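Under our numbering, the sequence shown has 76 at position 76, and the numbering climbs by one with no breaks. Accompanying notes for the structure given below.
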Amino acid sequence: MIVKMLKNKFRGCLIGALVGDCFGAPYEGESISSISRIQLQSYFDKLEGPPFLTPLYQYTDDTAMTKCIAESLIQNNKFNARDMAERFVKEFFRNPNRGYGENVCDVFHKFNNQNLENLWKPAQEQFNGSGSYGNGGAMRIAPISLFGFRDYDIMLDIVENSTKLTHTHPLGINGAKLQAIAIFLAVRSDPEKPLDIAEYIKELINKISIVESRLNRVVPSEYSYKNQLLKIHRLLELGDKAVPHLVVEKLGNSVSAMFSVPTAIYCFLRAQQSIADIETNNPFRRTIQYAVSLGGDTDTIASMAGAIAGAYYGIDVIHKNLQQLAEGSDMINELAIRLCDQVTH
Ligand code: RVK
Ligand code: MG
Ligand code: MG
Numbered sequence: 001m002i003v004k005m006l007k008n009k010f011r012g013c014l015i016g017a018l019v020g021d022c023f024g025a026p027y028e029g030e031s032i033s034s035i036s037r038i039q040l041q042s043y044f045d046k047l048e049g050p051p052f053l054t055p056l057y058q059y060t061d062d063t064a065m066t067k068c069i070a071e072s073l074i075q076n077n078k079f080n081a082r083d084m085a086e087r088f089v090k091e092f093f094r095n096p097n098r099g100y101g102e103n104v105c106d107v108f109h110k111f112n113n114q115n116l117e118n119l120w121k122p123a124q125e126q127f128n129g130s131g132s133y134g135n136g137g138a139m140r141i142a143p144i145s146l147f148g149f150r151d152y153d154i155m156l157d158i159v160e161n162s163t164k165l166t167h168t169h170p171l172g173i174n175g176a177k178l179q180a181i182a183i184f185l186a187v188r189s190d191p192e193k194p195l196d197i198a199e200y201i202k203e204l205i206n207k208i209s210i211v212e213s214r215l216n217r218v219v220p221s222e223y224s225y226k227n228q229l230l231k232i233h234r235l236l237e238l239g240d241k242a243v244p245h246l247v248v249e250k251l252g253n254s255v256s257a258m259f260s261v262p263t264a265i266y267c268f269l270r271a272q273q274s275i276a277d278i279e280t281n282n283p284f285r286r287t288i289q290y291a292v293s294l295g296g297d298t299d300t301i302a303s304m305a306g307a308i309a310g311a312y313y314g315i316d317v318i319h320k321n322l323q324q325l326a327e328g329s330d331m332i333n334e335l336a337i338r339l340c341d342q343v344t345h
């Protein structure tokens with residue numbers, strides 16, 4: 001792939017994640033029934049319309065941690081657990097009010113109080129030793145897919161180890177892996193050709209089946225990412241008949257990785273075609289507007305869906321206003337460029 005296209009995809013991916021986070025955040029925690037599709041349409045129309053005076057839309061923990069991962073990979077040119085953990089802690093204490101998950105804050109406090117003595121223990125102790133299955137590992141994973149876009153095995157290894165700094169439950173780790181694989185495949189797909197959705201899902205299923213066959217802890221069989229991907233396939237076949245309530249019933253919209261990562265992937269795939277009640281020709285906007293319309297963990301689902309869509313289409317698909325109105329877009333753009341320079345030189 002030519003470097004110019006790759007750079008556009010790297011920028012699209014990280015800016016896509018940022019934009020999803022910033023514009024999903026105002027709706028975080030709203031139930032699907034309370035979100036008006038008409039209001040959401042005018043919210044995005046206004047954002048993309050003539051400039052108006054408004055403060056920047058703030059990013060949340062999703063972007064704060066994504067930034068730490070990108071900076072750590074750029075600085076070390078490899079995964080460095082201590083450096084990454086230090087960056088998470090520093091970032092958290094610099095601004096703890098970015099809407100971090102309720103329990104992950106305990107990990108940061110322990111890191112801080114114990115001077116990062118044992119890098120893996122605080123996360124292992126979460127939830128009485130079962131570890132977190134929240135989507136906090138998956139939400140921040142985009143820079144790792146980019147850093148490892150040439151080497152799948154190294155990429156997955158870094159995903160596992162970086163996730164374990166805060167999330168050790170197998171569903172938390174495998175959710176991060178699924179999101180990383182979804183981005184990995186999107187970066188490597190040609191945006192000039194229509195996406196072969198069946199092939200994309202087949203590839204995701206193949207890859208996650210291998211990951212899930214290596215589970216070293218028993219989890220109930222209904223908690224399988226492979227099952228969730230099969231549901232995505234069936235929902236896509238229904239087109240607009242898969243109304244948002246049905247999508248949330250089948251795939252979820254919560255802070256757990258199992259019930260948010262597949263939802264984000266569905267949003268990206270569903271938005272390849274037009275969607276009822278969403279008036280735009282722009283498939284990136286359609287992706288995040290649809291993600292927000294599902295309610296629940298809107299910042300994270302829109303951010304994860306935005307990262308995949310941005311990695312597929314590239315930066316030019318993301319409306320300039322959305323980029324300009326998102327806090328930190330210059331900084332994130334710079335990180336994407338540096339990551340790309342690093343992996344192409
Ligand atoms: C607020 C029981 C568990 C669990 C387990 C539940 C931000 C808990 C971001 C916990 C993201 C929540 C999100 C989040 C990221 C996880 N047993 N319940 N084993 N594991 N939970 O605290 O980084 O929005 O209810 O580890 O994954 O925008 O409070 O944080 O949406 O999942 O939070 O898990 O959160 P945490 P996180
Ligand atoms: Mg957040
Ligand atoms: Mg969230």
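For every residue, glycine included, the Cβ atom is placed at its ideal position computed from N, Cα and C. Note that this is a predicted model, so its numbers are computed, not measured.
1) Which residue wins for smallest C-alpha separation from Leu229, given the options Thr344, Ala326, Val255 and Val261?
2) Let me know the alpha helix (DSSP H) ranges lying completely inside the segment 99-172, each 4 residues or longer, listed in chain order.
3) So that I know if they touch, is there some Cβ in chain C lying closer than 9 Å to that of Gln179?
4) Between the alpha carbons of Val243 and Pro96, how many angstroms are there, rounded?
5) What residues are listed by DSSP as bridge partners for Ala326?
6) Heavy atom of ligand 4 less than 8 Å from the Cβ of Asn8, yes or no?
7) Applying the criterion that 16 or more other CB atoms from any shown protein chain within 10 Å of the CB defines a buried residue, is Cys105 buried or exposed?
8) For ligand 3, enumerate in chain order all residues having a CB closer than 5 Å to any of its heavy atoms.
9) Check whether the Cβ atoms of Thr287 and Asn253 lie closer than 9 Å to each other.
10) Please return the same chain residues whose Cβ sits closer than 8 Å to the Cβ of Asp240, not counting the five positions on each side in sequence.
11) From the DSSP output, in three-state form, read off Ser293 for me.
12) Just confirm the distance between the C-beta atoms of Ala264 and Ala291, as a whole number of angstroms; I'd bet it's less than 8 Å.
13) For a test of the three-state rule: what should DSSP assign to Gly31, helix, strand or coil?
14) Could you check the C-alpha separation between Ala85 and Asp151 for me, to the nearest Å?
15) I want to know whether the segment 197-213 touches the segment 326-338 - three or more CB-CB distances under 8 Å.
16) Quick check on DSSP: helix, strand or coil for Ser260?
17) For Met304, verify whether its CB is less than 8 Å away from any heavy atom of ligand 2.
18) By the 10 Å Cβ neighbour count, where 16 or more other Cβ atoms means buried, how is His245 classified, buried or exposed?
19) Flag this pair as yes or no: are the beta carbons of Ala17 and Thr54 separated by less than 9 Å?
20) I believe Gln75 touches Ala138 by the beta-carbon criterion, under 8 Å. Please report the beta-carbon distance rounded to the nearest angstrom.
21) Going by the DSSP bridge assignment, what does Ile278 pair with across the sheet?
22) Can you tell me the Cα-Cα spacing of Asn161 and Thr280, whole angstroms?
23) Under a three-way DSSP split, which group does Asn333 fall into?
24) Can you tell me where the alpha helix (DSSP H) holding His319 begins and where it ends?
25) Would you kindly work out how many angstroms separate the C-alpha atoms of Ser221 and Asp341, rounded to a whole number?
26) Return the CA-CA distance between Lys320 and Arg214, expressed in angstroms with no decimal places.
In this structure, then:
1) For the purposes of this step, residue 229 is taken as residue 229 along the sequence shown, with counting starting at 1. The option with the nearest alpha carbon to Leu229 is Val261.
2) 104-113, 121-125, 142-147 and 152-163
3) Of the protein chains in the structure, only one exists, and it is not chain C.
4) Numbered from its first residue, the sequence shown carries residue 243 at position 243. Numbered from its first residue, the sequence shown carries residue 96 at position 96. So the alpha carbons of these two residues sit roughly 37 Å apart.
5) Within the sequence shown, the letter at position 326 stands for residue 326. BP columns for Ala326 point to Tyr57.
6) Annotation note on ligand 4: not contained in the displayed structure, which lists ligand 1, ligand 2 and ligand 3 as its ligands.
7) One-based indexing of the sequence shown puts residue 105 at position 105. Exposed, because fewer than 16 other Cβ atoms sit within 10 Å of the Cβ of Cys105.
8) Asp297, Asp299 and Thr300
9) On the sequence shown, residue 287 is found 287 positions in, with the first residue counted as 1. On the sequence shown, residue 253 is found 253 positions in, with the first residue counted as 1. Contact flag unset, no.
10) For the purposes of this step, residue 240 is identified with residue 240 of the sequence shown, where counting begins at 1. Excluding positions up to five away in sequence, the list reads Ile275 and Ala276.
11) As a position in the sequence shown, residue 293 is number 293, starting the count at 1. It is helical.
12) As a working mapping, residue 264 is identified with position 264 in the sequence shown. As a working mapping, residue 291 is identified with position 291 in the sequence shown. That belief holds up - the Cβ atoms of Ala264 and Ala291 are roughly 7 Å apart, short of 8 Å.
13) For the purposes of this step, residue 31 is identified with residue 31 of the sequence shown, where counting begins at 1. Checking the displayed sequence, the identity of residue 31 turns out to be Ser instead of Gly. Residue state, collapsed to three classes: coil.
14) By 1-based counting over the sequence shown, the position of residue 85 is 85. By 1-based counting over the sequence shown, the position of residue 151 is 151. Each residue's alpha carbon lies about 23 Å from the other.
15) Contact check between the segment 197-213 and the segment 326-338: fewer than three CB pairs, one atom from each, fall below 8 Å, which does not count as touching.
16) To locate residue 260, count along the sequence shown from 1; it is residue 260. It is coil, neither helix nor strand.
17) Taking the first residue of the sequence shown as 1, we reach residue 304 at position 304. Relative to the non-hydrogen atoms of ligand 2, the Cβ of Met304 never comes closer than 8 Å to any of them.
18) Your numbering for residue 245 matches position 245 in the sequence shown. His245 should be labelled exposed.
19) For this step, residue 17 is matched to residue 17 along the sequence shown. For this step, residue 54 is matched to residue 54 along the sequence shown. With a cutoff of 9 Å on beta-carbon distance, Ala17 and Thr54 are scored as not near each other.
20) In the sequence shown, counting from the first residue as 1, residue 75 sits at position 75. In the sequence shown, counting from the first residue as 1, residue 138 sits at position 138. The pair is not a contact, with the Cβ atoms about 23 Å apart (cut-off 8 Å).
21) As a working note, residue 278 is residue 278 in the sequence shown. Beta-bridge pairing links Ile278 to Ile275.
22) Against the sequence shown, residue 161 aligns to sequence position 161. Against the sequence shown, residue 280 aligns to sequence position 280. Distance from the CA of Asn161 to the CA of Thr280, rounded to the nearest whole angstrom, comes to 39 Å.
23) Start at 1 with the first residue of the sequence shown, and residue 333 comes out as number 333. Correct three-state label for Asn333: helix.
24) Stepping through the sequence shown from its first residue, residue 319 is reached at position 319. Unbroken run through His319: none, as it is neither H nor E.
25) Along the sequence shown, one-based indexing puts residue 221 at 221. Along the sequence shown, one-based indexing puts residue 341 at 341. Spanning the two alpha carbons is a distance of roughly 42 Å.
26) As a first step, residue 320 is located in the sequence shown; it is residue number 320 there, counting from the start. As a first step, residue 214 is located in the sequence shown; it is residue number 214 there, counting from the start. Lys320 and Arg214: Cα-Cα distance of roughly 43 Å.
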